[in-house]
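Start counting the sequence shown at 34; every next residue gets the next number (the working numbering). Every residue gets a Cβ at the ideal spot worked out from N, C-alpha and C, and that includes glycine. Since we're looking at a predicted model, the values are computed, not measured.
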Amino acid sequence: MKKYQQVETSIIKKYRRAIWIPFIAAIKDYRLIQPGDRIAVCISGGKDSMLMAKCVQHLQKYSDFPFEAEYLVMDPGYNQVNRQRIVDNAEALHIPIRIFETKIFDIVAKTEQSPCYLCAKMRRGHLYKQAQELGCNKIALGHHFDDVIETILMSMLYGAEIKTMMPKLHSTNFAGMELIRPLYMVKEADILAWRRYNDLQFIQCACRFTENCVLGDNGGASKRQEMKELIKKFRKTSPNIDQNIFHSIHNVNLETVIGYRRGGEQHSFLDDYDSEG
């Protein structure tokens, strides 16, 4: 069995319950892929986006309805080692990537404030634009289950709001475009296990500010890393804590919410409190 066949088989057999079933569940539960969609599967070169690409590839073969996929790689200014790693992995895994180049790293290097925020915003804009030019109506990003619950905690603890990472979003700047997250229910631990089982080496971090990450370093502390550590501590007393956090955003009791925003307007429980008495 060739390498790419081994990788594909592991997804639907050894990691069927951990990866394939949650992947399919997200597709169905959140209606992420519809008949006739043309999806730009965005590949950064990391484990998450590469796994997403293989899952989408396999789904195309056995889907109940037809859809198309473009496997899109944006080069924001990678060094040669990182770029070649992406090309080599795509070839080994039989992922037909299409690469386009930008100057994002050069631009971000000149800013003094929030380089990560600016980089992420610019990346997404370029991906939408390129995908639209290719006739796609959706872009797929590789965010997973852990990204979701970490975002929830970060929003509460540092943003003073209850906010989550949505499984899909309509673009506000590119008409008719939508963002989807097919790995929404797949846990990072299972992605790591899949990577180790298949002896795959992906880019962990390709940012010019933290290029040591190509060697496996996590690039230092961050708020998201802080949330990962916090969740680890929670799991010591409650093994299902991450699932509880995830399910909580699907089960919000509006009768006990003090205030909320919708459509840009602020609402309070006091708005109709007396009328209910």
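Kindly give me the distance between the Cβ atoms of residue i and residue j, rounded to whole angstroms, as I take these residues to be in contact under 8 angstroms.
i: D108; j: E124; result: With 8 angstroms as the limit, D108 and E124 do not qualify as a contact, their Cβ atoms being about 16 angstroms apart.
i: K219; j: F178; result: Contrary to the premise, residue 219 reads as Val rather than Lys in this sequence. Yes, V219 and F178 are in contact; Cβ-Cβ is about 6 angstroms, under 8 angstroms.
i: G79; j: I236; result: 6 angstroms
i: I132; j: V106; result: 5 angstroms
i: I60; j: D223; result: Contact flag wrong, Cβ pair sits at about 17 angstroms.
Tell me which residue opens and which closes the alpha helix (DSSP H) that residue i is part of.
i: M83; result: 80–95
i: V40; result: 36–45
i: D62; result: 54–62
i: E194; result: From DSSP, E194 is part of no alpha helix (DSSP H); its letter is neither H nor E.
i: D275; result: 274–281
i: V141; result: 137–141
i: F76; result: The displayed chain sequence assigns Ile, not Phe, to residue 76. Looking at the DSSP string, I76 is not in any alpha helix (DSSP H); the run it does join, the beta strand (DSSP E), is 71–76.
Taking the alpha-carbon of residue i as reference, which of the options has the nearest alpha-carbon?
i: S82; options: H280, I45, G168, R228; result: R228
i: Y351; options: I128, K47, C75; result: Look at the range of the chain in this structure, 34 to 310, and you will see that residue 351 is not part of it.
i: K154; options: I140, E166, L167; result: I140
i: A58; options: N112, Y217, I236, G110; result: Y217
i: P99; options: I224, D275, D70, S77; result: D70
i: H203; options: I172, E288, L190, E194; result: I172
i: H176; options: Q299, S77, I54; result: S77
i: S301; options: C75, I291, K47; result: I291
i: Q258; options: I130, L160, D180, G168; result: D180
i: G192; options: K256, T144, T205, Y48; result: K256
So what's residue i in DSSP terms, helix, strand or just coil?
i: E259; result: helix
i: L248; result: Since pLDDT at L248 reaches only 34, below the 50 mark, its modelled position is unreliable, and no value is offered.
i: H127; result: coil
i: C149; result: helix
i: F98; result: coil
i: V114; result: helix
i: G253; result: Note that G253 scores 37 on pLDDT, short of 50, meaning its location in the model is unreliable; the coordinates nonetheless yield the value given after this. Coil.
i: M107; result: strand
i: Y48; result: coil
i: F235; result: coil
i: A208; result: coil
i: H177; result: coil
i: T243; result: The predicted model places T243 with a pLDDT of 48, which falls under 50 and marks its position as unreliable; any figure quoted below should be read in that light. Looking at T243 - three-state DSSP - the assignment turns out to be helix.
Ends of the beta strand (DSSP E) at residue i?
i: S301; result: 298–301
i: E211; result: 211–213
i: R295; result: 292–295
Touching by the beta-carbon criterion (3+ pairs, under 8 angstroms), the region 193–203 and the region 86–106: no
Meets three-Cβ-pair contact criterion under 8 angstroms: the region 186–194 and the region 256–265: yes
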